[in-house]
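Chains A and B, in that order, give the protein sequences. Heads up: the first sequence begins at 787 in the numbering used here, then just goes up one per residue. Heads up: the second sequence begins at 500 in the numbering used here, then just goes up one per residue.
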Amino acid sequence: MARNKLEFPLDAEAYEIICKIGVGVSASVYKAVCIPMNSTVVAIKAIDLDQSRADFDSLRRETKTMSLLSHPNILNAYCSFTVDRCLWVVMPFMSCGSLHSIVSSSFPEGLPENCISVFLKETLNAISYLHDQGHLHRDIKAGNILVDSDGSVKLADFGVSASIYEPVTTSSGTTSSSLRLTDIAGTPYWMAPEVVHSHTGYGFKADIWSFGITALELAHGRPPLSHLPPLKSLLMKITKRFHFADYEINTSGCGKKKFSKAFREMVGLCLEQDPAKRPSAEKLLKHPFFRNCKGVDFVVKNVLHGLSNTEQMFIESQVLIKGVEDDEDDDEEIVKNRRISGWNFREDDLQLSPVFPTTESDTSKFSPREVDPIQDKPEGDKVVITGSEVCLGLSNRNEEAKEQEGEVCGFDRDLVLEKLKLLKKSLEHQRARVLVIIEALSGEKEERNREEELLEMVEKLKIELEAEKMKTLRAEKESVLS
Amino acid sequence: MEGERKMREGGREEGKVKIGSCVSTRGGAGRDHSAPSRRLSSQHLSGSLTSSATGEPSDQSDLGGAKMKGLFKSKPRTPSDLVRQTRDLFLYAHGSISLPDSKRDEKMAELSRNIRDMKSILYGNSEAEPVAEACAQLTQEFFREDTLRLLITCLPKLNLETRKDATQVVANLQRQQVNSKLIASDYLEANLDLMDVLIEGFENTDLALHYGAMFRECIRHQIVAKYVLESEHVKKFFDYIQLPNFDIAADAAATFKELLTRHKSTVAEFLTNNEDWFFADYNSKLLESSNYITRRQAIKLLGDILLDRSNSAVMTKYVSSRDNLRILMNLLRESSKSIQIEAFHVFKLFVANQKKPADIVNILVANRSKLLRLLADLKPDKEDERFEADKSQVLREIAALEPQDLA
Chain A
787 MARNKLEFPL DAEAYEIICK IGVGVSASVY KAVCIPMNST VVAIKAIDLD
837 QSRADFDSLR RETKTMSLLS HPNILNAYCS FTVDRCLWVV MPFMSCGSLH
887 SIVSSSFPEG LPENCISVFL KETLNAISYL HDQGHLHRDI KAGNILVDSD
937 GSVKLADFGV SASIYEPVTT SSGTTSSSLR LTDIAGTPYW MAPEVVHSHT
987 GYGFKADIWS FGITALELAH GRPPLSHLPP LKSLLMKITK RFHFADYEIN
1037 TSGCGKKKFS KAFREMVGLC LEQDPAKRPS AEKLLKHPFF RNCKGVDFVV
1087 KNVLHGLSNT EQMFIESQVL IKGVEDDEDD DEEIVKNRRI SGWNFREDDL
1137 QLSPVFPTTE SDTSKFSPRE VDPIQDKPEG DKVVITGSEV CLGLSNRNEE
1187 AKEQEGEVCG FDRDLVLEKL KLLKKSLEHQ RARVLVIIEA LSGEKEERNR
1237 EEELLEMVEK LKIELEAEKM KTLRAEKESV LS
Chain B
500 MEGERKMREG GREEGKVKIG SCVSTRGGAG RDHSAPSRRL SSQHLSGSLT
550 SSATGEPSDQ SDLGGAKMKG LFKSKPRTPS DLVRQTRDLF LYAHGSISLP
600 DSKRDEKMAE LSRNIRDMKS ILYGNSEAEP VAEACAQLTQ EFFREDTLRL
650 LITCLPKLNL ETRKDATQVV ANLQRQQVNS KLIASDYLEA NLDLMDVLIE
700 GFENTDLALH YGAMFRECIR HQIVAKYVLE SEHVKKFFDY IQLPNFDIAA
750 DAAATFKELL TRHKSTVAEF LTNNEDWFFA DYNSKLLESS NYITRRQAIK
800 LLGDILLDRS NSAVMTKYVS SRDNLRILMN LLRESSKSIQ IEAFHVFKLF
850 VANQKKPADI VNILVANRSK LLRLLADLKP DKEDERFEAD KSQVLREIAA
900 LEPQDLA
């Protein structure tokens, strides 16, 4: 079983890059052929190592996870090796891209239910396997579900996945606690409420929540609450004032599309506030919604046929980047780019275009060894709530956060405060980065109103103040020590 | 001797804890094991029962199991039963007992199930947390005989899923305490040759990640780490961490780092005794490697080693060598900022050394203007007060140096 994998060569010379099909903060994805393997088409994710932290622990875990998992619905790596300063991860090429790109390019109002069930069932198979292996994916969403032209569906991107069997490096104490995780990871719209705020940590059921959100995403063309800024969506979950199950019923009731009872019920189960009430992946597979599910041939005929291919989508999106005006409401594109899921490129509403500007004007000559000029700091892999906060309307968001902060008192205040502080920090960090980029591009960016500029100024000063405080604090500490 | 007796005593007790519904029916037999019974879920139980039903263990002699036999349809399995059965099955897997193919497949499937059951006892499952007593019993039985050796030698015969389970089981067992003793450590101390088998794994793509993970878990025990450091194996790591396959190379690098940082006194002793060849190899094979990631990891690890207080004697010697200084100065000139920054953290030790040998001083003086310029431009991406403070001190120090006569 372990041996049936073909041995892909560990040498850059054996691969011929065809074109770039995706770009992220510290990685790019290429379509390539492996010459000695009968010119098999592959996808190569080239990760810039100079931006990773020196112990490469998270990278090591990710590639190890990818090479040890073996399931038809999981995208694993053929091999990985370093090429100068890049790590190349060679993977199967999924020619139709992600479900996110399929939906946003061809089904902006959502997919038909009988196709959704096919995709969801395949995904659920993958989740069930992962959970059985003791892995949490922690970032399930349409953007991480890849589809090939033959209809095969694979769950991808283990950048933030965690294993409950991964030894806890602290004391030699109990291993049981490792069944629960406590760090915040994922992408806000898809994150389960307990991931955001629970004190007892979270487990496999957090993936089930994200799976439910993904179902809605496929049904409506976007995740719920995506009209809200991501931070607010987090807060809504924290305060529990918003019940997803209700949301689901409401929107499907008054919307133009009618969904079956089985579907609504299935999604409702996934979106239970109490993780214990959500079914396991294995159980969910037995839900009536999946019972009369069609085969993958059905989606090949009805969805995949006639889609433009991945590389085209990417080229189109690159062209679009230049012309598109910033649009308020869709932050998730940026999330994708930062989390490097590679194939989500039909980004016609990509709004933070300055983040990846002019890095490629011609698609013919890309060298994966080259490092893209506009990139930021090594925390790339590690900052977990990252990304989604990056958006130009940021200044309002801070205020919203503060408003909300007032409302949450009485509800485990300390904990919420702590999380908020974390968010705030991340937010400030992101903001600082965006500012740098904006500055670098200020020649091209015309109209930024006065108020925004002032707010930026204030923010900048705040950051400086913060740094200054830290400095004094450290100086104090040192003086005490000496 | 004392320990051995304790173990045997523990062994006698092991019959008490049942993984099976029988525990509750035996009720009142003692407070100590009624607690675990309550915590074990029925799903967990049925899992173990089915696998015990398919393969009767060859020895049913000892334990209270025989006593219970008439009462229940399928014999409940204790964690020790499970380990014993697994051991028997390993013998089939190993090939020491020959069987027709169909029968063999059956045994292998059963073995896979057993290993999975062991895993869920040790880690718990989605329904239940692990039970300390069951873990202790399993651990004790596991190390009472040579189960680990069987597992390691049979690993190549197992399928991928079972290999992963087995690796996790072995990892967990290294941390299990029985009567507040790590019995895995005692076992390994008596079976250090197993480390020789595990390290071979790095050369086999198929096994590397499994053996590698076990290896890393085993060197958590000081005695094992000491053995590896004092053996020829340690030299192999210089090659393993440069293997082309990133998964394996990165795994080897993580293990190498663990070896050289985890057990402070052992590491200090090793470095003191092997200073000459070790740092010569470290320089030429790792710091001057043509492989970016090797240099990057090596310079980071070197910093970690030299900056550790317990290695101060070694550090003092390292920073008195001209050759070492030359290599570090080359790393300072790398185009990768990450490497430059890490190199600075080692370079500063040469400068900060209050008893700099004359030749070191003269090199620094000869390169003074270049160094001052280079360091002035060197800045981490993220603001780092510490770094700046170190840097200005180094700059001052270099600026103030006077050339010295070589004695």
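Backbone N, C-alpha and C fix where the C-beta goes; we use that ideal spot for every residue, glycine too.
| Asked | Found |
| --- | --- |
| For the alpha helix (DSSP H) that A711 (chain B) lies in, which residues bound it at each end? | Note on identity: in this sequence residue 711 (chain B) is Gly, with Ala being the wrong assignment. Segment T704 to C717, the alpha helix (DSSP H) holding G711 (chain B). |
| Find the residues of chain A that neighbour F745 (chain B), judging by a C-beta separation of less than 7 Å, and give them in chain order. | T849, S866, F867, T868 and L873 |
| Considering only DSSP beta bridges, list what P878 (chain A) is partnered with. | A:V828 |
| Look up T577 (chain B) in the DSSP assignment and say whether it is helix, strand or coil. | coil |
| Name the chain B residues whose beta carbon is nearer than 7 Å to that of A1253 (chain A)? | E882 |
| Could you pull out every residue in the same chain whose Cβ sits closer than 6 Å to the Cβ of K1270 (chain A), ignoring the five residues on either side in sequence? | Chain A is shown from 787 up to 1268; residue 1270 (chain A) falls before or after that span and cannot be answered. |
| Per DSSP, D834 (chain A) is paired with what? | A:C872 |
| Does any residue of chain A bring its CB to less than 8 Å from the CB of Y791 (chain B)? | yes |
| Assuming T754 (chain B) and R795 (chain B) form a contact by the criterion Cβ under 8 Å, report the distance between their Cβ atoms to the nearest whole angstrom. | In fact, because the Cβ distance is near 17 Å, the residues do not count as touching under 8 Å. |
| Can N633 (chain B) and P578 (chain B) be called in contact, C-beta distance under 8 Å? | As written in the sequence, residue 633 (chain B) is Ala, which differs from the Asn given in the question. Cβ atoms of A633 (chain B) and P578 (chain B): closer than 8 Å. |
| Taking only beta-carbon positions, decide if R1259 (chain A) is within less than 8 Å of chain B. | The identity of residue 1259 (chain A) in the sequence shown is Leu, whereas the question assumes Arg. It does not; no Cβ of chain B falls within 8 Å. |
| In terms of residues, what are the limits of the beta strand (DSSP E) holding E802 (chain A)? | Y801 to V809 |
| Please list, in chain order, all residues of the same chain as A1001 (chain A) whose beta carbon is under 8 Å from its beta carbon, the five residues on each side excluded. | I902, L906, F1049, M1052, V1053 and C1056 |
| I need the straight-line Cα distance from D843 (chain A) to T793 (chain B), nearest angstrom please. | 14 Å |
| Assuming F769 (chain B) and L728 (chain B) make a contact with CB atoms under 8 Å, what is their CB distance in whole Å? | 4 Å |
| Anyone know if the C-beta pair for C865 (chain A) and I833 (chain A) falls short of 8 Å? | no |
| Just checking my contact of I826 (chain B) with L786 (chain B) at CB under 8 Å: how many whole Å lie between their CB atoms? | 5 Å |
| Could you work out which residue in B:A627, B:Y817 and B:V582 is closest to A635 (chain B) when comparing CA atoms only? | B:V582 |
| Using DSSP with H/G/I as helix, E/B as strand and the rest coil, what is S812 (chain A)? | coil |
| Alpha carbon to alpha carbon, how far is S935 (chain A) from V668 (chain B)? | 40 Å |
| Does E513 (chain B) come out as helix, strand or coil in the three-state DSSP assignment? | At E513 (chain B) the pLDDT is 39, less than 50, meaning the model places this residue with poor confidence; the figure from the coordinates comes in the next sentence. Of the three classes helix, strand and coil, the one that applies to E513 (chain B) here is helix, per DSSP. |
| Using the Cα positions of S1265 (chain A) and T771 (chain B), report the straight-line distance between them to the nearest angstrom. | 34 Å |
| Is it buried or exposed for G1166 (chain A), if we count other Cβ within 10 angstroms and need 16 for buried? | With a pLDDT of 35 at G1166 (chain A), under the threshold of 50, the modelled position of this residue cannot be trusted; read the value that follows with caution. Result: buried. |
| Going by the DSSP bridge assignment, what does A818 (chain A) pair with across the sheet? | A:I803 and A:V828 |
| If we cut at 8 Å on Cβ distances, does L708 (chain B) have a partner in chain A? | yes |
| Does the Cβ of V933 (chain A) have 16 or more other Cβ atoms within 10 Å, making it buried, or fewer, making it exposed? | buried |
| In the DSSP assignment, what residue or residues form a beta bridge with V908 (chain B)? | This structure cannot speak to residue 908 (chain B), because chain B is shown only from 500 to 906. |
| Taking only three categories from DSSP, how would you classify Q892 (chain B)? | helix |
| Starting from I931 (chain A), trace the beta strand (DSSP E) in both directions and tell me its first and last residue. | I931 to V933 |
| Along chain B, in chain order, which residues have C-beta atoms closer than 8 Å to that of F944 (chain A)? | Those do not exist, as F944 (chain A) stays about 13 Å from chain B at its closest Cβ, beyond 8 Å. |
| Are the beta-carbon atoms of G802 (chain B) and V845 (chain B) separated by less than 8 Å? | yes |
| Does the region 844-854 of chain A come close enough to the region 731-747 of chain B to have 3 or more Cβ pairs within less than 8 Å? | yes |
| Buried or exposed for M607 (chain B), going by 16 or more other Cβ atoms inside 10 Å? | buried |
| What does DSSP give as the partner residues of V939 (chain A) in its beta bridges? | A:V933 |
| Once DSSP output is grouped into helix, strand and coil, what is the label at L922 (chain A)? | strand |
| Report yes if the CB atom of E841 (chain B) is closer than 8 Å to the CB atom of I798 (chain B), and no otherwise. | yes |
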